[in-house]
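J.: Residue numbers (the numbering used here), protein chains in the order written: chain A, 45 to 349; chain B, 84 to 424.
Ideal Cβ positions, reconstructed from N, Cα and C, are used throughout, including at glycine.
Attaching a single structure in structure tokens format; questions to follow.
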């Protein structure tokens with residue numbers, strides 16, 4: 045516990061020696077945790093360039109410990125020398141990749157559309173459906189968050205089979221939309237709450253309809269929040285494994301399912317595994333670095349009042 | 084609107100008749116019912132606008148989400164309760180049989196399910212440790228440091244990356260018994276036999292660590308936002324009053340951070356209750372079911388035995404437990420925050 049306190053007011057300690065000590069401690073701790081965060085990623089990326097010997101001997105540093113090799117990427121058909129040849133593995137991989145892209149973008153878009161509309165309605169108007177008031181409706185939406193996927197998984201498996209949505213991207217998109225909808229509503233509701241109502245009242249006086257005011261006045265202002273919600277939803281959908289593993293088999297399989305299914309059978313090809321894992325995490329790493337601001341905005345929405 | 088409602092009802096009736104007697108006019112699958120439901124929803128929307136004018140337009144904001152959620156949650160859940168009362172194995176030919184509470188009694192006697200529930204308790208308790216670490220990291224990031232943005236991005240990284248891909252790489256290769264760097268490091272530190280997943284207790288701890296690695300950033304970001312929203316003046320005042328760092332933290336920072344902390348911890352617990360993918364990929368419940376979470380156990384119940392009826396009963400029981408637990412948690416947290424402040 046003392047760990048936390050010392051750094052917190054570190055800059056306010058007066059004597060130079062203890063100031064230095066606290067600096068060393070802070071940066072030491074930061075570097076240590078950065079190492080913990082980055083090492084597995086480093087390991088994944090480097091392993092994709094290793095041959096069998098390098099993996100089993102635990103070589104770590106490229107060029108020093110071992111000579112990088114394209115083996116892992118070749119097995120995916122993505123190395124420089126195999127990229128122009130036809131490769132069934134690559135086709136398979138690209139298909140999974142597209143499945144992931146389509147389902148996560150599709151689900152996030154759908155969730156944003158119906159989620160932000162609902163959030164807007166809930167922040168601006170009073171509803172009562174039968175005995176349900178606004179608070180009850182909000183709670184109904186947000187309470188979906190605690191619903192564990194496993195509860196819906198088996199009924200959906202059966203229902204999708206009956207409806208003919210099993211192993212289709214549409215089926216996955218619908219489920220993912222359901223999964224991220226509470227989060228989207230949570231974030232966008234927070235965003236709409238921060239926009240003064242007077243803006244829309246002025247717009248209504250100027251002759252815009254309710255929907256006109258929403259699209260022309262409110263939406264442009266709320267855009268950052270919607271982007272944040274969209275990105276967070278996309279990350280969640282991209283990483284989702286449970287539903288994808290249960291509900292897809294050949295056509296609609298996504299990247300995480302492909303990664304997980306590489307296990308088993310004749311031993312493990314570390315290098316191709318690592319290449320696949322790298323390809324699965326790379327898009328998100330890019331998003332994380334480029335759009336970090338929005339992610340943080342999304343995650344902290346409503347946390348601090 | 085009335086026409087559409089009739090249409091929906093007609094489709095459903097038609098379909099039931101078709102399934103029941105298998106000779107009337109009908110469709111191959113239930114899919115037309117889905118289309119009919121969508122049409123019905125659209126018709127309701129139009130009907131609202133036409134009959135209620137501006138009020139109808141307002142209702143239109145809420146309707147899509149409401150209809151969607153009802154269709155996707157309420158109906159499957161009710162259907163789930165029904166399946167839970169049947170003996171239904173997808174791989175057997177006898178199909179579905181109603182067997183009342185048999186699944187329930189079987190569940191009560193199932194030591195593996197009890198073990199999975201017990202594991203969930205352990206996993207949830209691990210949130211406390213995660214919270215401490217996350218708080219520490221948030222304080223670090225809130226201190227006056229250089230390259231804050233760099234560290235924030237780096238610390239956020241684990242949350243972004245696919246847990247399946249990463250846990251595969253960490254669990255299966257980084258912690259690999261023979262050559263994984265983590266095992267090598269453990270050997271250097273004096274642990275003779277660093278097998279992370281063969282002893283039940285150590286395997287549980289390993290799973291907790293893997294999960295913590297992914298989700299600590301989530302709590303950290305929320306706590307950091309809380310720290311940044313805290314007013315500087317209060318801290319200044321504490322310092323002027325002569326409080327040292329330790330006192331400032333416990334008497335000022337920590338109490339002020341309590342609401343945010345509670346939100347972060349509750350959200351984290353909710354996510355924790357869904358824990359499955361890491362376990363499925365890394366240990367598939369092993370050794371001997373020791374690391375199973377409820378979700379991964381049910382997943383395997385279906386994957387290995389196609390036992391839909393029993394699996395659903397387990398899931399429904401879990402749902403009831405979760406709802407009771409989370410409701411209690413929210414109440415408790417509310418009272419706790421109010422008492423302290």
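1. Around the Cβ of residue 276 of chain B, are there at least 16 other Cβ atoms within 10 angstroms (buried) or fewer (exposed)?
2. Starting from residue 171 of chain B and walking both ways along the beta strand (DSSP E), at which residues does that stretch end?
3. Along chain A, in chain order, which residues have C-beta atoms closer than 9 Å to that of residue 355 of chain B?
4. Would you please verify whether the beta carbon of residue 59 of chain B is less than 7 Å from any beta carbon of chain A?
5. Return yes when the Cβ of residue 202 of chain B is within less than 7 Å of the Cβ of residue 379 of chain B, no when it is not.
6. Could you name the residues of chain A that residue 163 of chain B contacts, counting a contact when the two beta carbons are closer than 8 Å?
7. Return the CA-CA distance between residue 264 of chain A and residue 130 of chain A, expressed in angstroms with no decimal places.
8. Kindly give me the distance between the Cβ atoms of residue 382 of chain B and residue 359 of chain B, rounded to whole angstroms, as I take these residues to be in contact under 8 Å.
9. With a threshold of 16 other CB atoms inside 10 Å of the CB of residue 89 of chain B, please say whether the residue is buried or exposed.
10. Can a CB atom of chain B be found closer than 7 Å to the CB of residue 256 of chain A?
11. Where do the N-terminal and C-terminal ends of the alpha helix (DSSP H) with residue 274 of chain A fall, by residue?
12. Would you decide whether residue 220 of chain A is buried or exposed? Buried here means 16 or more other CB atoms lie within 10 Å of its CB.
13. State the DSSP-derived secondary structure class of residue 177 of chain A, mapped to helix, strand or coil.
14. Hey, residue 169 of chain A and residue 236 of chain A are a contact pair by Cβ (cut 8 Å); roughly how many whole angstroms apart?
15. Check whether the Cβ atoms of residue 272 of chain B and residue 265 of chain B lie closer than 7 Å to each other.
16. Can you give the Cα-Cα distance for residue 279 of chain A and residue 224 of chain B, rounded to whole angstroms?
17. State the DSSP-derived secondary structure class of residue 226 of chain A, mapped to helix, strand or coil.
18. Which bits of chain A does residue 281 of chain B rub up against, with CB to CB less than 7 Å?
19. Could you tell me whether the Cβ of residue 336 of chain A comes closer than 7 Å to any Cβ of chain B?
20. Among all the DSSP beta bridges, which residues are the ones paired with residue 390 of chain B?
21. Have a look at residue 420 of chain B and residue 309 of chain B and give me their C-alpha separation to the nearest angstrom.
22. Do residue 171 of chain B and residue 391 of chain B have their C-beta atoms within less than 7 Å of each other?
23. Can a CB atom of chain A be found closer than 7 Å to the CB of residue 376 of chain B?
24. Using DSSP's beta-bridge definition, name the partner residues of residue 106 of chain A.
25. Return the CA-CA distance between residue 234 of chain B and residue 240 of chain B, expressed in angstroms with no decimal places.
26. Compute the Euclidean distance between the alpha carbons of residue 287 of chain B and residue 280 of chain B, then round it to the nearest angstrom.
27. If we require 4 or more residues per run, which alpha helix (DSSP H) segments fall completely within the region 163-221 of chain A?
28. In the DSSP assignment, find the alpha helix (DSSP H) that holds residue 202 of chain B and state where it starts and stops.
29. Apart from the five residues on each side of it in sequence, which residues of its chain come closer than 6 Å, Cβ to Cβ, to residue 123 of chain A?
30. Identify the contact partners of residue 134 of chain B in chain A, using a Cβ-Cβ distance below 7 Å as the criterion.
31. Confirm, please, whether the CB-CB distance from residue 252 of chain B to residue 351 of chain A is below 7 Å.
32. For chain B, find out if any of its Cβ atoms is closer than 7 Å to the Cβ of residue 165 of chain A; answer yes or no.
33. Out of curiosity, what's the CA-to-CA distance linking residue 61 of chain A and residue 68 of chain A?
34. Decide if residue 48 of chain A is buried, meaning its Cβ has at least 16 other Cβ atoms within 10 Å, or exposed.
35. Which partner residues of residue 181 of chain B appear in the DSSP bridge assignment?
T.: Reading it off the structure:
1. For this step, residue 276 of chain B is matched to residue 193 along the second chain. Exposed, since its Cβ has fewer than 16 Cβ neighbours within 10 Å.
2. The residue you call residue 171 of chain B lines up with position 88 of the second chain. Element bounds for residue 171 of chain B: 169-171.
3. On the second chain, residue 355 of chain B is found 272 positions in, with the first residue counted as 1. Against chain A, the beta carbon of residue 355 of chain B has no neighbour under 9 Å; the closest one sits roughly 10 Å away.
4. For chain B, the structure presents residues 84 to 424; residue 59 of chain B sits outside this window and is missing.
5. Against the second chain, residue 379 of chain B aligns to sequence position 296. Against the second chain, residue 202 of chain B aligns to sequence position 119. Contact flag unset, no.
6. Numbered from 1 along the second chain, position 80 holds the residue referred to as residue 163 of chain B. Residues of chain A passing the Cβ test: 195, 196, 198 and 199.
7. Position 220 of the first chain, counting from 1, holds the residue named residue 264 of chain A. Position 86 of the first chain, counting from 1, holds the residue named residue 130 of chain A. Rounded to whole angstroms, residue 264 of chain A and residue 130 of chain A show a C-alpha spacing of 46 Å.
8. The residue you call residue 382 of chain B lines up with position 299 of the second chain. The residue you call residue 359 of chain B lines up with position 276 of the second chain. Cβ-Cβ separation between residue 382 of chain B and residue 359 of chain B: approximately 6 Å, consistent with a contact (criterion under 8 Å).
9. Taking the first residue of the second chain as position 1, residue 89 of chain B is located at position 6. Residue 89 of chain B is exposed by the Cβ-count criterion.
10. Reading the first chain from its first residue, position 212 is the one you call residue 256 of chain A. Not one chain B Cβ lies under 7 Å of residue 256 of chain A.
11. Start at 1 with the first residue of the first chain, and residue 274 of chain A comes out as number 230. First-last of the alpha helix (DSSP H) with residue 274 of chain A: 263-283.
12. In the first chain, the residue the question calls residue 220 of chain A occupies position 176. With 16 or more neighbouring CB atoms inside 10 Å of its own CB, residue 220 of chain A falls in the buried class.
13. If you number the first chain from 1, residue 177 of chain A lands on position 133. Correct three-state label for residue 177 of chain A: strand.
14. Here residue 169 of chain A corresponds to residue number 125 of the first chain, with the count starting at 1. Here residue 236 of chain A corresponds to residue number 192 of the first chain, with the count starting at 1. So it is not a contact: roughly 11 Å between Cβ atoms.
15. Counted from its first residue, the second chain places residue 272 of chain B at position 189. Counted from its first residue, the second chain places residue 265 of chain B at position 182. No, these two residues do not count as a Cβ contact at 7 Å.
16. Start at 1 with the first residue of the first chain, and residue 279 of chain A comes out as number 235. Start at 1 with the first residue of the second chain, and residue 224 of chain B comes out as number 141. One Cα belongs to residue 279 of chain A, the other to residue 224 of chain B, and the distance between them is close to 23 Å.
17. The residue labelled residue 226 of chain A in the question sits at position 182 within the first chain. Correct three-state label for residue 226 of chain A: helix.
18. As a working mapping, residue 281 of chain B is identified with position 198 in the second chain. In chain order: nothing, as chain A lies at least about 17 Å away.
19. The residue given as residue 336 of chain A occupies position 292 in the first chain. Among the CB atoms of chain B, one or more fall inside 7 Å of the CB of residue 336 of chain A.
20. In the second chain, the residue the question calls residue 390 of chain B occupies position 307. Beta-bridge pairing links residue 390 of chain B to B/172.
21. In the second chain, the residue the question calls residue 420 of chain B occupies position 337. In the second chain, the residue the question calls residue 309 of chain B occupies position 226. Taking the CA atoms as reference points, residue 420 of chain B sits about 15 Å from residue 309 of chain B.
22. Within the second chain, the letter at position 88 stands for residue 171 of chain B. Within the second chain, the letter at position 308 stands for residue 391 of chain B. Contact flag set, yes.
23. Here residue 376 of chain B refers to the residue found at position 293 when the second chain is read from its first residue. Judged by the 7 Å Cβ criterion, residue 376 of chain B is not in contact with chain A.
24. Here the question's residue 106 of chain A lines up with position 62 in the first chain. Bridge pairing for residue 106 of chain A: A/110 [DSSP].
25. Within the second chain, numbered from 1, the residue matching residue 234 of chain B stands at position 151. Within the second chain, numbered from 1, the residue matching residue 240 of chain B stands at position 157. Cα to Cα, residue 234 of chain B sits roughly 10 Å from residue 240 of chain B.
26. For the purposes of this step, residue 287 of chain B is identified with residue 204 of the second chain, where counting begins at 1. For the purposes of this step, residue 280 of chain B is identified with residue 197 of the second chain, where counting begins at 1. Rounded to the nearest angstrom, the two C-alpha atoms are 8 Å apart.
27. DSSP runs (the alpha helix (DSSP H)) wholly in the region 163-221 of chain A: 178-187 and 193-207.
28. Residue mapping note: residue 202 of chain B aligns to position 119 of the second chain, counting from 1. DSSP places residue 202 of chain B in the uninterrupted alpha helix (DSSP H) bounded by 194-225.
29. Here the question's residue 123 of chain A lines up with position 79 in the first chain. Apart from the 5 residues on each side of it in sequence, residue 123 of chain A sits with its Cβ closer than 6 Å to the Cβ of 114 and 117 in its chain, given in chain order.
30. Counted from its first residue, the second chain places residue 134 of chain B at position 51. Against residue 134 of chain B, chain A offers no close residue; the least beta-carbon distance is about 15 Å (beta-carbon pairs closer than 7 Å).
31. Within the shown structure, residues of chain A are numbered from 45 to 349, placing residue 351 of chain A beyond reach of any answer.
32. Stepping through the first chain from its first residue, residue 165 of chain A is reached at position 121. Residue 165 of chain A counts as touching chain B.
33. Taking the first residue of the first chain as position 1, residue 61 of chain A is located at position 17. Taking the first residue of the first chain as position 1, residue 68 of chain A is located at position 24. CA-to-CA, the gap between residue 61 of chain A and residue 68 of chain A works out to about 11 Å.
34. By 1-based counting over the first chain, the position of residue 48 of chain A is 4. Because the pLDDT at residue 48 of chain A is just 42, under 50, the model does not fix this residue reliably, and the value given afterwards should be weighed accordingly. Burial call: buried.
35. As a first step, residue 181 of chain B is located in the second chain; it is residue number 98 there, counting from the start. Paired residues: B/169.
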